[in-house]
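The opening residue of the sequence shown carries number 1 in full-length UniProt numbering; numbering runs sequentially from there.
A virtual CB, placed ideally from N, CA and C, is assigned to each residue, including glycine.
Note that the coordinates shown come from a computational prediction; the quantities given were computed from them, not determined experimentally.
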Amino acid sequence: MVDASQEQPMTVQERMARYKEKLAKRKQAKTAKEEAYEKRKEERRKKRLAKADATQAKIDAANEKTEQALKDARRARKEKKKLKKLEDKTLNAEHGVLLEAEDAFQKEQDALEERMEGYRQKLADHKQKEADEAYEKILKQSELKRQEQAEEELESKQVEQELQEIRAKHEPPKPKKHSKKKHYTPPTSSSSSFTIQKNYSTTSSRSTTTEASSGPAWANPNFLRNSKTKQERRMDRYKVQEQQAQVTHQKKTIKSQESATKLKQQELQQAKLRSEQEAHARMKKLRHDAEEQWDQQETQQLQEEAAQKTANNNNNKMEDKAQKHAARATKAAERRKRHQQEAEEAAERARQEEIEAQTAIADAKARERAEQEQLEHARQKEHAKLAREEAKLREQANQKAQKEQAKAIAANQAHKQDHDPVEEEEDEEEEDEDWEEKEKARFLAEAKLEIEKRNKLLEHKKAKEAKAKEKAAKAQEREDARKAARREFQQAALSTAEDASTPQELLELEAEGADGDEQVEKVLEDLENVRECIDLLQHKLEKVHNKEQKKLRRIEEKMLQYQYEIRQEERSQIVHYTDAELADKEREARETKEIIETLRKQNHDIRKDKKELKKECRALYAKNQRMEELTKTAEGHMKQLTSVDKDQMEKEHYWEDIANKYKKAMAKHEEALAYRTMLAESERRMKELYVGAEAKIVYRFQNMCDDDALVLEVGAIALGETPEGEDEEEDTTILEKMFQEFQG
1 MVDASQEQPM
11 TVQERMARYK
21 EKLAKRKQAK
31 TAKEEAYEKR
41 KEERRKKRLA
51 KADATQAKID
61 AANEKTEQAL
71 KDARRARKEK
81 KKLKKLEDKT
91 LNAEHGVLLE
101 AEDAFQKEQD
111 ALEERMEGYR
121 QKLADHKQKE
131 ADEAYEKILK
141 QSELKRQEQA
151 EEELESKQVE
161 QELQEIRAKH
171 EPPKPKKHSK
181 KKHYTPPTSS
191 SSSFTIQKNY
201 STTSSRSTTT
211 EASSGPAWAN
221 PNFLRNSKTK
231 QERRMDRYKV
241 QEQQAQVTHQ
251 KKTIKSQESA
261 TKLKQQELQQ
271 AKLRSEQEAH
281 ARMKKLRHDA
291 EEQWDQQETQ
301 QLQEEAAQKT
311 ANNNNNKMED
321 KAQKHAARAT
331 KAAERRKRHQ
341 QEAEEAAERA
351 RQEEIEAQTA
361 IADAKARERA
371 EQEQLEHARQ
381 KEHAKLAREE
391 AKLREQANQK
401 AQKEQAKAIA
411 ANQAHKQDHD
421 PVEEEEDEEE
431 EDEDWEEKEK
441 ARFLAEAKLE
451 IEKRNKLLEH
461 KKAKEAKAKE
471 KAAKAQERED
481 ARKAARREFQ
491 QAALSTAEDA
501 STPQELLELE
511 AEGADGDEQV
521 EKVLEDLENV
531 RECIDLLQHK
541 LEKVHNKEQK
551 KLRRIEEKML
561 QYQYEIRQEE
571 RSQIVHYTDA
581 ELADKEREAR
591 ETKEIIETLR
601 KQNHDIRKDK
611 KELKKECRAL
621 YAKNQRMEEL
631 TKTAEGHMKQ
641 LTSVDKDQME
651 KEHYWEDIAN
661 KYKKAMAKHE
671 EALAYRTMLA
681 ESERRMKELY
691 VGAEAKIVYR
701 FQNMCDDDAL
711 VLEVGAIALG
721 ETPEGEDEEE
731 DTTILEKMFQ
741 EFQG
């Protein structure tokens with residue numbers, strides 16, 4: 001007190017000026033701090049908004065990608081369904097075409113067999129007719145011969161009677177003595193002289209007319225010779241006419257047969273051409289359909305490969321993103337740990353400084369207590385009043401803060417989109433980062449499990465492929481051995497190389513068509529069944545061929561037997577043919593041989609056509625089997641694609657769930673930020689009120705106190721200056737501690 005009184009006391013004006021200068025400096029520092037704080041706050045808000053916009057853009061891009069992938073998958077599924085329907089239609093159409101071709105071939109074969117049977121029946125009927133006609137001719141000739149013999153006998157008897165009558169009329173009286181005159185006896189009837197006696201009745205009228213002039217006709221020595229020559233001439237003429245009629249009839253029959261054979265040949269050729277054209281058209285159509293189907297399958301395979309590539313690329317991108325996200329999360333966690341360590345160190349330093357400041361303050365207070373014992377009672381009263389006022393002010397501020405908080409909550413709920421987010425605190429950021437780390441760890445674990453599953457599936461598939469290849473190699477060895485044995489058997493059994501090559505080609509085609517690794521055993525069983533069917537068909541063909549050869553041999557034997565019988569009958573009847581008749585017969589035999597040869601050639605051609613049609617049917621059957629196997633493989637690819645699509649859909653649903661969770665978390669964080677901004681604003685206002693009340697109290701104390709030193713000390717403390725050269729940070733640490741306690 002003595003030192004203070006010796007110094008020159010400061011006037012109130014000087015104190016007020018100094019106090020005002022300090023207040024102005026403090027206000028400038030405070031405004032500068034607030035401006036810096038507002039700038040940092042605005043920058044953080046902009047960064048947060050940019051980050052939120054970037055995350056929202058990423059989420060929107062991911063949603064668009066997922067929607068596009070879903071649309072592409074649906075479109076691909078629809079296209080696959082359409083392709084499957086088209087394949088089913090084409091397969092049904094091809095199956096129907098094959099059935100129609102088989103039916104048409106069977107009908108044509110039946111028609112050809114019916115025609116051949118009718119033609120054979122006609123030949124047999126014609127031969128039977130010729131035999132019947134020849135037999136009837138022989139019977140007629142025998143009857144005519146008998147009639148002629150009977151007529152000749154009657155005529156000879158009549159001639160003998162007439163001769164006897166003539167002799168009786170013109171016979172001179174017999175002498176008593178026996179005369180040695182020669183007596184003429186007419187020739188007896190026989191088979192050799194029936195022609196002479198046949199025309200005797202015609203010449204008898206002439207002989208009776210000439211009896212009066214030239215004597216009796218029988219007395220003429222040239223009578224029998226002339227009559228014989230005339231009858232022979234007539235018979236020769238009659239025979240020549242009959243032969244000419246037979247020749248003309250045979251020519252007509254031969255011409256009619258030739259025309260009929262030509263018509264039949266033309267019909268057969270037209271039928272062959274028609275069947276060949278239809279078969280070529282069918283084969284062209286089937287080839288065209290098969291090429292179109294192969295092109296469709298190739299395009300489908302390319303689309304499937306492209307979809308698989310895109311899916312793999314997307315998976316790789318997702319894995320890369322997950323890895324990058326995990327790396328970022330680890331870096332953020334390390335950064336967070338560093339910040340926590342720094343904050344803990346700073347907190348420890350602040351605590352030590354606070355402890356030191358408290359000890360210094362306690363020492364100063366202990367020193368000052370002796371000097372301020374007189375003023376303690378008054379100070380306590382004033383402090384009590386001030387405490388009551390502060391409590392009232394705090395209650396009022398709390399009520400106002402609650403009202404403002406309720407209003408802010410309502411405004412936040414009504415205008416969530418217009419709300420500007422404020423800076424988040426470290427604990428919330430840590431919670432968000434912890435949640436993100438958990439989600440990332442979960443996603444990485446799921447991705448690792450999926451990768452392990454894929455690797456296991458690939459290994460299992462490779463093992464299956466290796467086993468299937470081993471089985472296929474063994475089956476190929478067995479098949480080669482069987483083929484070699486089959487070739488030897490076919491070379492020994494079959495005559496032509498075509499018949500020997502067709503089953504082998506079928507087997508090779510069927511072996512090439514079996515692409516599925518898992519269906520090798522089924523294909524081998526099908527090959528064995530096909531081989532058995534081919535053996536049965538070849539056996540049946542050989543049987544049919546042998547039967548037809550036997551039939552032809554029987555027909556030839558019958559023809560030869562029939563010719564031999566006819567020759568025997570002709571020889572037995574002692575019928576001598578002329579050279580012309582023999583030439584006609586030889587010509588007929590040659591023509592019949594030519595007809596038989598033409599029929600044999602036609603039969604051979606028909607058999608060839610039949611074999612070719614059977615080959616085509618077998619090729620169509622093999623193609624149908626290949627198409628069925630291709631449909632099976634396509635179904636397998638479709639199943640794989642559907643499984644991939646399901647996996648992709650599950651992943652998309654998973655990412656959608658994650659996005660929904662993220663949106664919900666963002667909404668919760670926005671609400672928490674709103675609440676915290678309200679609390680910060682209320683705390684700021686309370687702090688301002690507290691500082692104002694403190695300034696008023698200091699001002700009143702300075703006005704009411706008489707001790708200048710105490711007034712200066714209190715003013716310095718109010719302005720933030722420490723007495724006796726202490727640092728300004730002590731008061732700030734005390735205020736911060738009080739503010740933290742208030743927050744707690």
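{"Asked": "Selected residue, minimal CA-CA separation from E67, among K462, D53, A672 and Q648", "Found": "Q648"}
{"Asked": "Whether K623 touches L286 by CB criterion (9 Å)", "Found": "yes"}
{"Asked": "Cβ pair count under 8 Å reaching 3, the stretch 286 to 301 against the stretch 619 to 637", "Found": "yes"}
{"Asked": "Cβ contact check for the stretch 70 to 78 and the stretch 645 to 661: 3 or more pairs under 8 Å", "Found": "yes"}
{"Asked": "K80 burial status per 10 Å Cβ neighbour count (16 or more: buried)", "Found": "buried"}
{"Asked": "Those runs of the beta strand (DSSP E) which lie wholly inside the stretch 634 to 681 and span at least 3 residues", "Found": "none"}
{"Asked": "Coarse secondary structure for L375, derived from DSSP in three states", "Found": "coil"}
{"Asked": "Contact belief for K615 with Q109 at Cβ below 8 Å, rounded distance in angstroms", "Found": "In fact, because the Cβ distance is near 14 Å, the residues do not count as touching under 8 Å."}
{"Asked": "Three-state secondary structure (DSSP) of D706", "Found": "coil"}
{"Asked": "Rounded distance between the beta-carbons of A580 and Q243, thought under 8 Å", "Found": "7 Å"}
{"Asked": "Local conformation of T261 per DSSP, three classes", "Found": "helix"}
{"Asked": "Helix, strand or coil at residue 801 [DSSP, three-state]", "Found": "A query on residue 801 cannot be resolved here, the shown segment of the chain reaching from 1 to 744 and no further."}
{"Asked": "For E656 and A69, believed in contact at Cβ under 8 Å, the rounded distance", "Found": "The pair is not a contact, with the Cβ atoms about 12 Å apart (cut-off 8 Å)."}
{"Asked": "CA-to-CA distance, E344 to Q396, given in whole angstroms", "Found": "36 Å"}
{"Asked": "C-beta contact flag for L613 and A134 at 9 Å", "Found": "no"}
{"Asked": "The stretch 268 to 276 touching the stretch 34 to 44, judged by at least three CB pairs closer than 8 Å", "Found": "no"}
{"Asked": "Within the UniProt region \"Disordered\" (109 to 131), ranges of the beta strand (DSSP E) (whole runs, at least 3 residues)", "Found": "none"}
{"Asked": "Which listed residue (Q602, A473 and A29) has its alpha carbon closest to that of E113", "Found": "Q602"}
{"Asked": "Whether H545 touches R618 by CB criterion (9 Å)", "Found": "no"}
{"Asked": "Selected residue, minimal CA-CA separation from K593, among Q563, D605 and R567", "Found": "Q563"}
{"Asked": "Contact check, I596 vs E556, beta carbons under 9 Å", "Found": "yes"}
{"Asked": "Straight-line gap, R676 to K668 (C-alpha atoms, nearest Å)", "Found": "12 Å"}
{"Asked": "Separation of Q241 from K145, as counted between CA atoms", "Found": "18 Å"}
{"Asked": "Proximity winner among I697, M627, L712 and H249, relative to A290 (alpha-carbon distances)", "Found": "M627"}
{"Asked": "Rounded separation between A111 and Q538 - CA only", "Found": "23 Å"}
{"Asked": "Integer-rounded CB distance, given that N63 should sit under 8 Å from A466", "Found": "Incorrect: roughly 43 Å between the Cβ atoms, too far for contact."}
{"Asked": "L679 vs L393 beta-carbon contact at 9 Å", "Found": "no"}
{"Asked": "Cβ-Cβ distance between E87 and A634 below 9 Å", "Found": "yes"}
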